[in-house]
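Below is one structure, written out as structure tokens, with a few remarks after it.
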Amino acid sequence: MSGETAAVVRGRVYGTVQLRHTERGTPAARFTVMQVAREYDRARGQWRDGEPVAVICTVTGPLARHVAECLTDAVHVIATGNVALRDNVLHLDSAQVGVDLAHHVAYVDDTLPAVLAGRSPAPAPRAAAAPVPPPAHRAGPPRPAPAARPAPVPAAAPETDWWRSAAPRPSWDAVTAPSRTRR
Numbered sequence: 701m702s703g704e705t706a707a708v709v710r711g712r713v714y715g716t717v718q719l720r721h722t723e724r725g726t727p728a729a730r731f732t733v734m735q736v737a738r739e740y741d742r743a744r745g746q747w748r749d750g751e752p753v754a755v756i757c758t759v760t761g762p763l764a765r766h767v768a769e770c771l772t773d774a775v776h777v778i779a780t781g782n783v784a785l786r787d788n789v790l791h792l793d794s795a796q797v798g799v800d801l802a803h804h805v806a807y808v809d810d811t812l813p814a815v816l817a818g819r820s821p822a823p824a825p826r827a828a829a830a831p832v833p834p835p836a837h838r839a840g841p842p843r844p845a846p847a848a849r850p851a852p853v854p855a856a857a858p859e860t861d862w863w864r865s866a867a868p869r870p871s872w873d874a875v876t877a878p879s880r881t882r883r
């Protein structure tokens, strides 16, 4: 449709997410995001919160099910989509919604810790058992004792500030570009 404006809304979910289904069975979710702009107060010389702006976000399809399952009141989100002003209220037909990682830790199905996913955690490695001597009733020469394993060398302690400790690079290309030397 013409006249639509793409926008990014960043704020907190306000209230609960409502999940409904259309007559054809398509899921649709609706929730409100309160966006609060930061303003600089020159008289006080500090930043302060501005007036909150409520944006009603609507999503459909599989995204609606995910939004209804993942979002709750006061979760920081970033939503993108087409914004429109209807009856003096901002509406965002969202194309994408995500948790704002500046404020929360998020897990996806593959990275969810076993305890949280309801799976039993991987068993801890067991210490090596002492060798069992052969039974006394076996004939033959005695076996030599196994050689003692060297003690493991402890790993070097990680540097406390890895970002600053790395050698300065002229650009990010030096990190990502393949080596141009011939072998």
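Residues in the sequence shown are numbered consecutively from 701, following the working numbering. C-beta: ideal position from N, C-alpha, C; glycine also.
P727 places its beta carbon less than 8 Å from that of G761. DSSP places P762 in the uninterrupted alpha helix (DSSP H) bounded by 762-770.
R738 is classed as exposed because its beta carbon has fewer than 16 other beta carbons within 10 Å across all chains shown. From the listed residues C770, V783, V799, the smallest Cα separation to V777 is found for V799. The three-state reading of DSSP puts V808 in coil, since its state is none of H, G, I, E or B. For V759, the closest C-alpha among the options V805, L812, F731, L785 is that of F731. Around the C-beta of G781, 16 or more other C-beta atoms lie within 10 Å, and the residue is accordingly described as buried. The three-state secondary structure of V815, taken from DSSP, is helix.
The three-state secondary structure of D793, taken from DSSP, is strand. Taking the CA atoms as reference points, V753 sits about 13 Å from L792.
D810 and R748 have their C-alpha atoms spaced approximately 39 Å apart. Listed in chain order, the non-local C-beta contacts of C757 below 6 Å within the same chain comprise F731, V733, A779, L792, S794, local neighbours out to five positions each way being set aside. Under the three-state reduction of DSSP output, E723 falls in the coil class, being neither helix nor strand. Nearest C-alpha to R720 among E769, G745, E704, G711: E769.
In the DSSP assignment, V777 falls within the unbroken beta strand (DSSP E) covering 776-786.
For R710 and G818, the gap between their C-alpha atoms comes out near 32 Å. Look at A737 here: in three-state DSSP terms it is strand. Listed as beta-bridge partners of D800 by DSSP are no residues whatsoever.
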